[in-house]
Every structure is written in C-alpha cells, then in structure tokens.
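Residue numbers (this note's numbering): 67 to 231.
(1) Could you spell out the range, first to last residue, of the alpha helix (DSSP H) harbouring residue 85?
(2) Quick one: residues in its chain with C-beta nearer than 7 Å to the C-beta of residue 212, no 5 flanking neighbours on either side, listed in chain order?
(3) Are the beta-carbon atoms belonging to residue 173 and residue 136 less than 7 Å from one another?
(4) Are three or more beta carbon pairs between the region 144 to 154 and the region 101 to 113 nearer than 8 Å?
(5) Is the CB-CB distance between residue 159 and residue 87 below 7 Å?
(6) Assess contact between the region 173 to 182 and the region 124 to 134, defined as three or more Cβ pairs (one per stretch) separated by less than 8 Å. Is contact present?
(7) Output the distance between the C-alpha atoms of residue 118 and residue 124, rounded to the nearest integer angstrom.
(8) My parser needs the alpha helix (DSSP H) runs of 4 or more residues fully inside the region 185 to 230; what are they?
(9) When the Cα atoms are used, what is the spatial distance from residue 141 to residue 112?
(10) Below 7 Å between beta carbons: does that hold for residue 115 and residue 156?
(11) In chain order, what residues of the same chain have a beta carbon less than 6 Å from the beta carbon of residue 42, not counting five sequence neighbours either side?
(12) Helix or strand or just coil, what does DSSP make of residue 119?
(13) Under the rule that 16 or more other beta-carbon atoms within 10 Å means buried, what is residue 73, buried or exposed?
(14) Round the Cβ separation of residue 203 and residue 76 to the nearest angstrom and send it over; I've been treating them as touching at under 8 Å.
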C-alpha cells in the first residue's frame, strides 16, 4: 500500500470520528432538550442530582463548589448558552465546519462531564474516550475531509484564520 493510500485512509477514519462525535453530541442535545435540561430549573435539578448521594453520587467536592458558585446562580442564562453551544457544536462537527475550534470546545465539554460524573454511578471512562476522540479530531483537522473546512482550506489557504479549519 502506498503512502497516499494510507494518508487517505487516515483522513477518512478521522472524518468518520468527527461525524460520529457530532451525531453523538446532537443526539445528546436532543435528549436533554426533551428532558427540559436547558431551563434554569432543569439545569439546577440536574446539577443537584449529580452530587446527591441518592442520585449519581459524584464525589468531587471542589467541582460541586465551582458549579454552586459559578453556574447555579446564573442557571437561566447558562442553560440558554448551553442549549445554543451544544447544538452549534454538534452541527459544526457533523458538517466539518471550524473543526479545530469545535474540537477544542468538545474537549472542554467532555472534561466538564468527566468532573461532574467522577466518583458517581456513571462510567466516567466514556468521557475519556470522547475527550480523546475530540482531541484526535482537533489535531488532525478532520473537517478537511468530507467537511466545509475542506472548501475553506482550498479557498482561503493563506488566511490567518486557517488554524480554525
């Protein structure tokens, strides 16, 4: 097998990872929307459940303290921000638009989920796998295969913004 063929196979593999990650985020977004998690009460209830011993039972007290002081007091605006961000993130990854930026946002998102579920009843290693998938998508510029970033790269190759795609 020649090097061009191997390079093409790798580009296809990371494009499939990118698309799958985008679909996973969109499916999660849709589920959360139907559960009412993108409202102030829904978000506050969910965050309280995460650290409740009778709920998920997460054990990172420092992270609970952070959420209690930085997120819960502004749960309404934060839940609206989260609704829009998760939707745009899923779309961007699925269509390959600004993939490197979307990958970085996804890495941040999965790190937060890891901390939120740590020590509880959730299998936290799922978030490690999702983080590493987002990391791979970010480093490999996965949107340049089967994505809008491919067109952006061809049209604006010399742009200072090309780091985004």
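All residues carry an ideal CB built from backbone N, CA and C; glycine is no exception.
This structure is a prediction, so every number in the text was calculated from the model and none was measured.
Reading from the atomic positions:
(1) 69 to 101 is the span of the alpha helix (DSSP H), which, as asked, contains residue 85.
(2) Answer for residue 212: 81 and 162, listed in chain order.
(3) It is not a contact, given that the beta carbons lie outside the stated cut-off.
(4) Counting Cβ pairs under 8 Å, three or more are found: they touch.
(5) Yes; because the gap between Cβ atoms is below 7 Å, this pair is in contact.
(6) Contact between the region 173 to 182 and the region 124 to 134 is present: three or more C-beta pairs spanning the two stretches fall below 8 Å.
(7) A straight line joining the alpha-carbon of residue 118 with that of residue 124 spans about 7 Å.
(8) Whole alpha helix (DSSP H) segments, 4+ residues: 191 to 206 and 214 to 221.
(9) Distance between the alpha carbons of residue 141 and residue 112: 11 Å.
(10) Cβ atoms of residue 115 and residue 156: not closer than 7 Å.
(11) This structure cannot settle anything about residue 42, because the visible part of the chain is limited to 67 through 231.
(12) Note: residue 119 maps to coil in three-state DSSP.
(13) Classification for residue 73: exposed.
(14) 13 Å between Cβ atoms; not a contact.
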